[in-house]
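In terms of the numbering used here, the numbers along the sequence shown are unbroken and rise by one, the last being 414.
Every residue, glycine too, gets a C-beta built ideally from N, C-alpha and C.
The structure under discussion appears below in the form of structure tokens.
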Amino acid sequence: MTEAQLSHQCPQCGAPVELDETDRIFSCPFCQVRLFIHADGPFRYYLKPHIEHPGTLIYVPYWRFRGNAFVLAPQDTRHKILDSSLLAVDNNSLPPSLGLRSQAMPLSFVEPNTQGLFLPPSVRSAEFKARLLRAIPGLKASSGPRLTACIGDVLSLIHLPVFQSHELVDGITGKLLGPADIDTAGLEQAGSHLRFASTLCPQCGWDLVGDRQSLVQTCPHCDTAWEPGPEGGSRITPHFLQTPEKPALYLPFWNLRIRAKGFRLQTWADLIRLTNLPRALLPWMESTAFSFRIPAFKIRPELFLNLSAQVSLYQPDAPEQESLPRVPLHPVTLPREEAFQAVPVVLGRLAPARKNLFPKIQGGSIKPLEARIEYLPFVEESHEFIQPEMNMAIQKNALFWSATL
Ligand SMILES: [Zn+2]
Ligand SMILES: [Zn+2]
Numbered sequence: 010m011t012e013a014q015l016s017h018q019c020p021q022c023g024a025p026v027e028l029d030e031t032d033r034i035f036s037c038p039f040c041q042v043r044l045f046i047h048a049d050g051p052f053r054y055y056l057k058p059h060i061e062h063p064g065t066l067i068y069v070p071y072w073r074f075r076g077n078a079f080v081l082a083p084q085d086t087r088h089k090i091l092d093s094s095l096l097a098v099d100n101n102s103l104p105p106s107l108g109l110r111s112q113a114m115p116l117s118f119v120e121p122n123t124q125g126l127f128l129p130p131s132v133r134s135a136e137f138k139a140r141l142l143r144a145i146p147g148l149k150a151s152s153g154p155r156l157t158a159c160i161g162d163v164l165s166l167i168h169l170p171v172f173q174s175h176e177l178v179d180g181i182t183g184k185l186l187g188p189a190d191i192d193t194a195g196l197e198q199a200g201s202h203l204r205f206a207s208t209l210c211p212q213c214g215w216d217l218v219g220d221r222q223s224l225v226q227t228c229p230h231c232d233t234a235w236e237p238g239p240e241g242g243s244r245i246t247p248h249f250l251q252t253p254e255k256p257a258l259y260l261p262f263w264n265l266r267i268r269a270k271g272f273r274l275q276t277w278a279d280l281i282r283l284t285n286l287p288r289a290l291l292p293w294m295e296s297t298a299f300s301f302r303i304p305a306f307k308i309r310p311e312l313f314l315n316l317s318a319q320v321s322l323y324q325p326d327a328p329e330q331e332s333l334p335r336v337p338l339h340p341v342t343l344p345r346e347e348a349f350q351a352v353p354v355v356l357g358r359l360a361p362a363r364k365n366l367f368p369k370i371q372g373g374s375i376k377p378l379e380a381r382i383e384y385l386p387f388v389e390e391s392h393e394f395i396q397p398e399m400n401m402a403i404q405k406n407a408l409f410w411s412a413t414l
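Right, here's the structure in full:
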């Protein structure tokens, strides 16, 4: 799958810099500045018009999702890697999706000085994902009870230029779309959604280090970890599972605490009763909280579900650590909001007989409570990485592959 190309002017020296859509760090090859990229809400991009037209330039929003879609029905589990866009307003003249344009054409960030008027989205991102899940390209539609999720590393708004006079014209192809039917009363100027902030350690001033696509950057000088926030770096406390072995790599997982409504899912005992896991109910299970563990990195859908299930059932005891390990930390590329969306399908994956689970959770809901990053150590073998405590293996090429997903 190709990365969308993205261009942005360096906030420090003004040079045009090419970025990948999933970059969390802006890194200028000309003046060497490194900056956190933070957006209020989804990233907003636009495609530049390719034609000249006397009409009003209007940017029309499309939701874009790239990631994994899951459908768990009583008898089967289906998944698909998606890269899809859908029109984010109700209008029959406009193209229903961007097609290949979101992948093939350079994108620019919407900034306060972007010329043109913007049509605000009227379809919310949750509704967009629900529409995607109703008709996943390449998967046959099914009715009846099912658990679904769209879990992406990219959820953004891409704006397509159109020109409106007495008619509506596609600003890329020049194609006539129909009579003018966009209500200009609701149009807005470009706003400011983006902030660039220093990647110097807020605590000691040292340069933070980390992959450009990682949400977590670390300071090797004062042993702290940071993620981009509205005011620059905000401190996070990563947890680490201890091991007597010599790890070659740490993989990040989200430890997610949730609140279930309409059914009970607070303790281990609740989980066993809900899913009919073949385990004896022991007294400690009634008093021990259960939390979900979801990979915080991109990986193929079937591995994503399997890892979530294995690590959730193992419940690693990962304490806070005074100093960060001097071993590579795999980039955190899946935001916590996306990880929370995985909880229902992981629950479905844990249940040996899903048809018994569906009636118990019907009408219920799951709300996110708290998320924290936990790193699990892996030792290296010739073709795979092994988590010794869980005796769990991940093929090396699955991880390399995931870097380009
Ligand atoms: Zn620069
Ligand atoms: Zn520091």
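What are the boundary residues of the alpha helix (DSSP H) that includes residue i?
{"i": "residue 227", "result": "Per DSSP, residue 227 belongs to no alpha helix (DSSP H); it is in the beta strand (DSSP E), 226-228."}
{"i": "residue 215", "result": "Neither: residue 215 is in no alpha helix (DSSP H) and is coded neither H nor E."}
{"i": "residue 136", "result": "134-143"}
{"i": "residue 349", "result": "345-350"}
{"i": "residue 295", "result": "292-296"}
Below 8 angstroms between beta carbons: does that hold for residue i and residue j?
{"i": "residue 43", "j": "residue 233", "result": "no"}
{"i": "residue 168", "j": "residue 69", "result": "yes"}
{"i": "residue 311", "j": "residue 47", "result": "no"}
{"i": "residue 320", "j": "residue 256", "result": "no"}
{"i": "residue 247", "j": "residue 174", "result": "no"}
{"i": "residue 386", "j": "residue 250", "result": "yes"}
{"i": "residue 93", "j": "residue 141", "result": "yes"}
{"i": "residue 219", "j": "residue 347", "result": "no"}
Using the three-state DSSP reduction, which class does residue i fall into: helix, strand or coil?
{"i": "residue 355", "result": "helix"}
{"i": "residue 364", "result": "helix"}
{"i": "residue 380", "result": "strand"}
{"i": "residue 405", "result": "helix"}
{"i": "residue 110", "result": "helix"}
{"i": "residue 10", "result": "Confidence at residue 10 is low in this model, with a pLDDT of 44, below 50, so the placement of that residue is unreliable and no value is reported for it."}
{"i": "residue 29", "result": "strand"}
{"i": "residue 233", "result": "strand"}
{"i": "residue 326", "result": "coil"}
{"i": "residue 414", "result": "Unreliable placement is indicated for residue 414, whose pLDDT of 48 sits below 50; no coordinate value is reported for it."}
{"i": "residue 319", "result": "helix"}
{"i": "residue 195", "result": "helix"}
{"i": "residue 254", "result": "coil"}
{"i": "residue 206", "result": "strand"}
{"i": "residue 370", "result": "helix"}
{"i": "residue 185", "result": "strand"}
{"i": "residue 386", "result": "strand"}
{"i": "residue 308", "result": "coil"}
{"i": "residue 173", "result": "strand"}
If I follow the unbroken beta strand (DSSP E) through residue i, where does it start and stop?
{"i": "residue 53", "result": "52-55"}
{"i": "residue 269", "result": "258-270"}
{"i": "residue 176", "result": "176-179"}
{"i": "residue 94", "result": "86-96"}
{"i": "residue 47", "result": "43-48"}
{"i": "residue 36", "result": "34-36"}
{"i": "residue 394", "result": "393-396"}
{"i": "residue 39", "result": "First-last for residue 39: undefined, no H or E at that position."}
{"i": "residue 148", "result": "That residue, residue 148, is in no beta strand (DSSP E); it is neither H nor E in DSSP."}
{"i": "residue 243", "result": "241-245"}
What are the partner residues of residue i, as DSSP defines its beta bridges?
{"i": "residue 420", "result": "This structure gives no information on residue 420, because the portion of the chain shown stretches from 10 to 414."}
{"i": "residue 284", "result": "Paired residues: none, contrary to the question."}
{"i": "residue 168", "result": "55 and 70"}
{"i": "residue 337", "result": "Answer by DSSP bridge pairing: none, since residue 337 is not bridged."}
{"i": "residue 302", "result": "264"}
{"i": "residue 79", "result": "88 and 158"}
{"i": "residue 16", "result": "27 and 117"}
{"i": "residue 276", "result": "298"}
{"i": "residue 62", "result": "None; residue 62 has no bridge partner."}
{"i": "residue 238", "result": "241"}
{"i": "residue 313", "result": "DSSP, once it has assigned bridges, lists no residue as partnering residue 313."}
{"i": "residue 126", "result": "67"}
Do you know whose CA, among the options, lies nearest residue i's CA?
{"i": "residue 301", "options": "153, 282 and 353", "result": "353"}
{"i": "residue 104", "options": "187, 386 and 47", "result": "187"}
{"i": "residue 40", "options": "26, 50 and 48", "result": "26"}
{"i": "residue 370", "options": "268, 329 and 79", "result": "268"}
{"i": "residue 96", "options": "274, 82 and 72", "result": "72"}
{"i": "residue 19", "options": "365, 94 and 118", "result": "118"}
{"i": "residue 130", "options": "320, 33, 381 and 98", "result": "98"}
{"i": "residue 243", "options": "206, 58, 307 and 257", "result": "206"}
{"i": "residue 181", "options": "86, 111 and 60", "result": "60"}
{"i": "residue 408", "options": "378, 309 and 356", "result": "309"}
{"i": "residue 317", "options": "345, 355, 326 and 298", "result": "355"}
{"i": "residue 390", "options": "402, 381 and 398", "result": "402"}
{"i": "residue 158", "options": "122, 90 and 33", "result": "90"}
{"i": "residue 339", "options": "194, 260 and 405", "result": "260"}
{"i": "residue 115", "options": "17, 350 and 265", "result": "17"}
{"i": "residue 283", "options": "238, 358 and 327", "result": "358"}
* Asked: Counting by C-beta, which residues lie closer than 5 angstroms to a heavy atom of ligand 3, in chain order?
  -> Ligand 3 is not among the ligands present in this structure, which contains only ligand 1 and ligand 2.
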